[in-house]
Amino acid sequence: MPAAPPISIPTFAQAQQQLLLAEQEAEVASSTLFSSTSSSSFVSASSRRALQAAGYALTGLVLVACRTGMGGREVGEFGADSAIGSLGKSKSSTEAGNGRNDSDGGRVRLGAHGIRVGDIVRVEDVSSSGRGAGGTKGGRGKGIKEEERKDKSHEGVVTRVGERSVWVAFGDKGPGGQRKQDGESVDVLWGKKLWLVKLANDITYRRMKQTMTRMENMTESDHTYFMRVLFGHTPPSSVDFESVQSIEFFDPTLNDSQREAIRFALASKEIALIHGPPGTGKTYTLIELVLQLLKQNLRILVCGPSNISVDNIVERLAPHKIPLVRIGHPARLLSSVVDHSLEALTQTSGAAAIVKDVRKEIEMKQASIRKTRSGRERRAIYQDLKELRREFREREAKCVDSLVTGSKVVLATLHGAGGYQLKNQRFDVVIIDEASQALEAQCWVPLLSASKAVLAGDHLQLPPTIKSTNGSKGKEKVKPKPDVENTADGSTSVGRPGSFRLETTLFDRLLSMHGSGVKRMLTTQYRMHEKIMKFPSQELYGDKLIAAEAVKTRLLRELPYEIEDTDDTHEPLVFYDTQGGDFPERSTDDEGKQVTILAESKSNDMEAAVVVRHVENLIATGVRPEDIAVVTPYNAQLSLLSQVLKEKYPELELGSVDGFQGREKEAVVVSLVRSNPDHEVGFLGEKRRLNVAMTRPKRHLCVCGDSETIRRGSRFLQRWMDFLEEHADLRYPDPSEYMQL
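Throughout the sequence shown, residue numbering follows my numbering, covering 648 to 1388 in sequence.
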């Protein structure tokens, strides 16, 4: 019996659009980045320089070279304007981030900036910066209208960054997704004084909103059986276990829970959830599932919310020599998977020859533009370029379609699955990895035309970060549960604001709606010492986790290099209990700091000193800094610890708990920070955040915190403190031994 009533599909889609708009606005506001629809032309020269100093822009540029890339995209090379730059001394330099060498030693070096490969940017003619859309006070002659400004701006993705140049690949769409004219495009930037500004990534939101709009406009007859199952209007079909009992597995090392999850996913007709707690080999399970689906001659689309989640699967599938293609901009892919990218394949496959001659002709025409000053001749060349680009796109579309259609496995990010490359493609199964970290609207980009889906993730770790509802002045928020009202047809509706929340993932919702019958959990974990694993297993995973033999008793002193045997290196679980009030927290507000990222955050100087001492002790025994991580829920504490540890141990990893999700280290030190007479714990009360913190280490977990404060936060926290007091190596630091940082 479903645990939740069915949901009205149009109402859901309408609510998602409102939530996504609020989230996009919050993201732009919090990042101080321009959106693709906002104006950047009316920025003064001093403001442009300030944006460059802040890492958001590059000023004083000119177009140096231009070539044609995939999809008819033009790749522009932008260098510093020699009229305002300063010559570099050396004739070659190593490019930032990619190790290539510049050969243009005489070119002016770019100033310091924060533009990186993968950034979405807008390039504009500085002369188009006017006084506003109305021009001068008289409104005539000197102003520039917003629509004219947009026509003069060009958006693209940074593909390469050097000391003397930045390369940007431009699409054939302008701001807001509207198609530009094919004629002049980037060529109009020759000889102009330019600047480049980083944009917020609107593409993901655009694809999600387009998908939700399609869902909202669907009639009931448009709703597929798959959609009706996922919104609770009909139960999932019976699972056909008989068809999968005798399958032979490609990987003989899979454990029983992994094999059961694969059988369940193969036998399910519409939906299967694979619950992968930390370290349980979820990715290995998905690789086996893909191979089994291929054995059944099925075609598969594999997606994830981030490029890294998709690239990890590409890396592990590639050795199996199966026909696969990775959709996505090469600038954003791991170097190890670029050879499997669609762009690389279009240049190396046999089908690539059909576009090479047109590409060469386009580049010859582009070069000829710079050799003529005649307006009539330039217009004629632009017209030729327009026709050549159209022919190029037509030929390349055939090449792309041939490559993608010939691939049995296609991989893309969730929003990347909404690109033109997959527009007319059909798949038998859609697999979504890290589904518990993806917005539901994002999942529907590939799922809208699906008939079967397998979702993998862990809903007991942190959901996707949501900016539009996070935080309030004075206190961290604990979000209320959604209010639900029923419509006349029995489906749930948005009764009032808050009925639907972006934090509720598709993985969460399906579990709530259909219960555990649609899920299989992986139970053998290959990461943690069994003492580290024990509490999260008991509290969150039904005491079902089992530590594999190879990891259940391993310690720091057994690392494959020389380690001294001390109290620290033979203890898998250590707890520094700072109770007593001698290790008090403080708020950034206490000192009147105005740094936005630290606003209302918490820090604890004395506890930081305990953390630093423990890290130093571990390194003194021989543990390498790169095998240690220090994590904390609070940015102010992270900043404090970084000031002390980062310069001394640059290989040591420091990060927020939220940012460390999906990572692991041999030793992890956790600073809980909170210690106050009111026993307030803030967002430490979120058990999923603590689950992430306590499941990152392999051999050694050290927790620093005030048990008196922490245990008052919730029953979960009380049980954790009781567990640590009973099972950890309990230590009570003497305040007199720790000088404040």
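Backbone N, C-alpha and C fix where the C-beta goes; we use that ideal spot for every residue, glycine too.
Cβ distance (whole Å) where residue i is taken to contact residue j below 8 Å
i	j	result
residue 1341	residue 1354	The pair is not a contact, with the Cβ atoms about 15 Å apart (cut-off 8 Å).
residue 1274	residue 1313	4 Å
Nonlocal neighbours in the same chain, by C-beta distance under 6 Å from residue i, ignoring five residues either side
i	result
residue 661	863
residue 857	none
residue 1363	1334
residue 836	710
residue 1063	974 and 975
residue 1315	1276, 1343, 1344 and 1348
residue 1032	1012
residue 665	none
residue 898	935
residue 657	863
Pick from the options that is closest to residue i, judged by C-alpha positions
i	options	result
residue 700	730, 692, 659 and 760	760
residue 871	886, 813, 947 and 1099	1099
residue 1093	770, 1163 and 854	854
residue 953	1376, 1194, 1008 and 1082	1082
residue 925	1221, 1220, 1375 and 1173	1173
residue 729	982, 1366, 838 and 672	838
residue 671	969, 815 and 1086	1086
residue 945	1078, 849 and 1036	1078
residue 1357	1318, 1339, 1032 and 1380	1318
residue 1449	847, 1279, 1257 and 1039	Nothing about residue 1449 can be read from this structure; the chain reaches only from 648 to 1388.
residue 938	1191, 920 and 967	967
residue 963	930, 943 and 942	930
residue 913	899, 947, 957 and 982	947
residue 991	1016, 1025, 916 and 1046	1046
residue 1192	1180, 1198 and 1200	1180
residue 1067	818, 764 and 1331	818
residue 1073	1056, 1088, 1080 and 1089	1056
residue 1004	977, 1019, 1040 and 1015	1040
residue 1228	1382, 1234, 1208 and 1281	1382
residue 659	1147, 762, 1252 and 1293	1147
residue 1075	771, 941, 1190 and 844	941
Under 8 Å between C-beta atoms of residue i and residue j
i	j	result
residue 722	residue 851	no
residue 706	residue 1010	no
residue 972	residue 1061	no
residue 651	residue 879	yes
residue 932	residue 905	yes
residue 1029	residue 869	no
residue 859	residue 663	yes
residue 1043	residue 1002	yes
residue 1048	residue 1106	no
residue 936	residue 1101	yes
residue 1320	residue 1254	yes
residue 1270	residue 1210	yes
residue 873	residue 917	yes
residue 1176	residue 1346	yes
residue 1114	residue 673	yes
residue 1323	residue 1231	yes
Cβ neighbours of residue i in the same chain (closer than 7 Å, five flanking residues each side left out)
i	result
residue 1217	1202 and 1204
residue 695	704, 706 and 842
residue 1054	970, 971 and 972
residue 1109	1305, 1308, 1335, 1336 and 1339
residue 1413	Outside the modelled stretch of the chain, which goes from 648 to 1388, sits residue 1413, for which no answer is possible.
First and last residue of the uninterrupted beta strand (DSSP E) at residue i
i	result
residue 881	No beta strand (DSSP E) holds residue 881; DSSP gives it neither H nor E.
residue 886	Where residue 886 is concerned, there is no enclosing beta strand (DSSP E), given that its DSSP letter is neither H nor E.
residue 976	That residue, residue 976, is in no beta strand (DSSP E); it is neither H nor E in DSSP.
residue 1102	1100-1104
residue 1049	No beta strand (DSSP E) contains residue 1049, which is instead part of the alpha helix (DSSP H) from 1022-1052.
residue 772	767-772
residue 808	801-808
residue 1303	1300-1303
residue 708	704-715
Limits of the unbroken alpha helix (DSSP H) element including residue i
i	result
residue 1330	Residue 1330 -> no alpha helix (DSSP H), and no H or E assigned at all.
residue 938	929-942
residue 856	849-864
residue 995	989-995
residue 1184	1177-1187
residue 1286	1282-1292
Close Cβ partners of residue i (< 8 Å) along its chain, the five nearest in sequence each way excluded
i	result
residue 1119	With a pLDDT of only 37 at residue 1119, under the threshold of 50, the placement of this residue in the model should not be trusted, and no figure is reported.
residue 1111	952, 1084, 1085, 1086, 1149, 1150 and 1152
residue 774	839 and 840
Min CB distance residue i to chain C below 8 Å
i	result
residue 1214	In the displayed structure, chain C is absent; only one protein chain is listed.
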